[in-house]
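S.K.:
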């Protein structure tokens, strides 16, 4: 774990609004709880019932090879309180180098130019890093927003992004009779042991290779996957064919979030089936087993995220298992060096 460092000296952001007491600096390890608090408050204002903690954010980001909080997280302070965040990293996906950004501004201080100034500074930094990066392929910008995050969408639209993909967060009650889908013949479900972690991680990575937005996973991703405060592999459902992992569902219950929101909710994360076992009902069996395990823990609703254009037909599968759409998300993109022209695609081409 990184040693706590004092906050660095203030940064000058070109075009920043002239607001008394407003300063900018790079974040430090001491900021994780502050980041979580601001993010949770902003999400609530945007109608997104998500509660983050400093511990889970640290576990999600700190191990990643491409992330450094003292380089990649910009904070805005007003009279000493953090009121804005901008995060930016580089990721190589599908043959393209993407400068990926996200951020938020305290709802009480939106529409004052703070977020735009932070976005511009972050993109300028990432542009320099992308120019020096030897990885091949076109350069682009990418970000995500839930449909209710109006301020985020307005900023992205103003800066020349266009929607390039969409998907859904889906919900299913776990009350009453649950569907029964036995594991296909020749496969079996086994409890997860520490010795299986690498095999499960590798199988999940392989299964997502043909999905949109995939990037090669590293040891940093492995650490992040297994080290979060809410990671409970006893909830995971894994189908085996001998010594081969056929499919996985990495179920998660976020205890702090559930308590804060007054819900009993779980997320079905990383629902994946490797190619040789697709089309045999493995995913249905894994999800049905997840329902049973979660209901036994007192969970009353299951959630998951899905790409609307998932190549394996996941959306139809989840609808058939009783999930309904709770909210929609969009991925937005543009070329790194200019606003997206009409018909732009992430591959850097235009179409009519």
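In the working numbering, the protein residues as written are 1322 to 1673. From the three backbone atoms N, C-alpha and C, an ideal C-beta is built for every residue, glycine too.
In angstroms with no decimal places, state the Cα-to-Cα distance between residue 1418 and residue 1456.
M.R.: The alpha-carbon atoms of residue 1418 and residue 1456 are separated by roughly 7 Å.
S.K.: Classify residue 1420: buried if its beta carbon has 16 or more other beta carbons within 10 angstroms, exposed otherwise.
M.R.: With 16 or more other Cβ atoms within 10 Å, it is buried.
S.K.: Would you say residue 1566 and residue 1609 are within 9 Å of each other, going by their C-beta atoms?
M.R.: Not a contact, by the Cβ cut-off of 9 Å.
S.K.: Which parts of the region 1453–1503 are runs of the alpha helix (DSSP H), unbroken and 4 residues or longer, counting only runs that do not cross its ends?
M.R.: Segments of the alpha helix (DSSP H) lying fully in the region 1453–1503: 1471–1479.
S.K.: Would you list the residues sitting across from residue 1417 in a DSSP beta bridge?
M.R.: Bridge partners of residue 1417: 1414.
S.K.: Taking the straight line between their C-alpha atoms, what separation do you get for residue 1450 and residue 1409?
M.R.: The straight-line gap from Cα to Cα measures roughly 11 Å.
S.K.: Determine which residues share a DSSP beta bridge with residue 1334 and list them.
M.R.: Residue 1334 pairs with nothing; no bridge assigned.
S.K.: Check whether the Cβ atoms of residue 1481 and residue 1338 sit closer than 9 Å, and answer yes or no.
M.R.: Going by C-beta atoms, residue 1481 is not nearer than 9 Å to residue 1338.
S.K.: Apart from the five residues on each side of it in sequence, which residues of its chain come closer than 6 Å, Cβ to Cβ, to residue 1646?
M.R.: Contacts found: 1489 and 1491.
S.K.: Report the start-end ranges of each beta strand (DSSP E) in the region 1361–1417 that is 3 residues or longer and not cut off at the edges.
M.R.: Here the runs fully enclosed are 1394–1399 and 1402–1414.
S.K.: Three-state secondary structure (DSSP) at residue 1565?
M.R.: Of the three classes helix, strand and coil, the one that applies to residue 1565 here is strand, per DSSP.
S.K.: Please report how far the alpha carbon of residue 1487 lies from the alpha carbon of residue 1529, in whole angstroms.
M.R.: Each residue's alpha carbon lies about 17 Å from the other.
S.K.: Mind checking whether residue 1352 and residue 1396 have CB atoms under 9 Å apart?
M.R.: Yes, these two residues count as a Cβ contact at 9 Å.
S.K.: Report the start-end ranges of each beta strand (DSSP E) in the region 1621–1659 that is 3 residues or longer and not cut off at the edges.
M.R.: You should have 1622–1628 and 1645–1656.
S.K.: Rounded to whole angstroms, what is the Cα-Cα separation between residue 1501 and residue 1602?
M.R.: Going from the Cα of residue 1501 to the Cα of residue 1602 covers about 12 Å.
S.K.: For the putative contact between residue 1346 and residue 1332, defined by C-beta atoms under 8 Å, what is the C-beta separation to the nearest angstrom?
M.R.: Confirmed, Cβ separation roughly 6 Å.
S.K.: Counting along the chain, where does the alpha helix (DSSP H) carrying residue 1587 start and finish?
M.R.: Note, residue 1587: premise wrong, no alpha helix (DSSP H); beta strand (DSSP E) at 1586–1594.
S.K.: What is the C-beta distance between residue 1569 and residue 1525, in whole angstroms, given that I count them as a contact (C-beta under 8 Å)?
M.R.: About 5 Å separates the two Cβ atoms, so the contact holds.
S.K.: DSSP three-state call for residue 1559: helix, strand or coil?
M.R.: Strand at residue 1559.
S.K.: DSSP on residue 1444, reduced to helix/strand/coil?
M.R.: Reduced to three states, the DSSP call for residue 1444 is helix.
S.K.: From the DSSP output, which residues share a beta bridge with residue 1345?
M.R.: DSSP output for residue 1345 lists 1332 and 1397 as bridge partner(s).
S.K.: Taking C-beta to C-beta, are residue 1572 and residue 1557 nearer than 9 Å?
M.R.: Contact: yes.
S.K.: Kindly give me the distance between the Cβ atoms of residue 1534 and residue 1414, rounded to whole angstroms, as I take these residues to be in contact under 8 Å.
M.R.: Confirmed, Cβ separation roughly 6 Å.
S.K.: Just list the residues that DSSP pairs residue 1425 with in beta bridges.
M.R.: Note: residue 1425 sits in a beta bridge opposite 1406.
S.K.: So, under 8 Å CB-CB, residue 1494 and residue 1653 are touching, yes? Tell me the CB distance rounded to an integer number of Å.
M.R.: Rounded, the Cβ-Cβ distance is 32 Å, inconsistent with contact.
S.K.: Go to residue 1577, then tell me how far its alpha helix (DSSP H) extends in each direction, as first and last residue.
M.R.: Taken as a continuous stretch (DSSP letters only), the alpha helix (DSSP H) holding residue 1577 covers 1576–1582.
S.K.: Between 1630, 1665 and 1496, which has its C-alpha nearest residue 1623's C-alpha?
M.R.: Looking at the Cα atoms, 1496 is the closest of the given residues.
S.K.: Give the straight-line distance between the Cα atoms of residue 1466 and residue 1650, rounded to the nearest whole angstrom.
M.R.: Each residue's alpha carbon lies about 6 Å from the other.
S.K.: Buried or exposed: where does residue 1607 fall if 16 or more other Cβ atoms within 10 Å of its Cβ makes it buried?
M.R.: Buried, since its Cβ has 16 or more Cβ neighbours within 10 Å.
S.K.: Mark residue 1619 as exposed unless 16 or more other C-beta atoms lie within 10 angstroms of its C-beta, in which case mark it buried.
M.R.: It counts as exposed.
S.K.: Excluding sequence positions up to five away, which residues of its chain have a Cβ less than 6 Å from the Cβ of residue 1342?
M.R.: Once the five neighbours on either side are set aside, the close Cβ partners of residue 1342 are 1399 and 1400.
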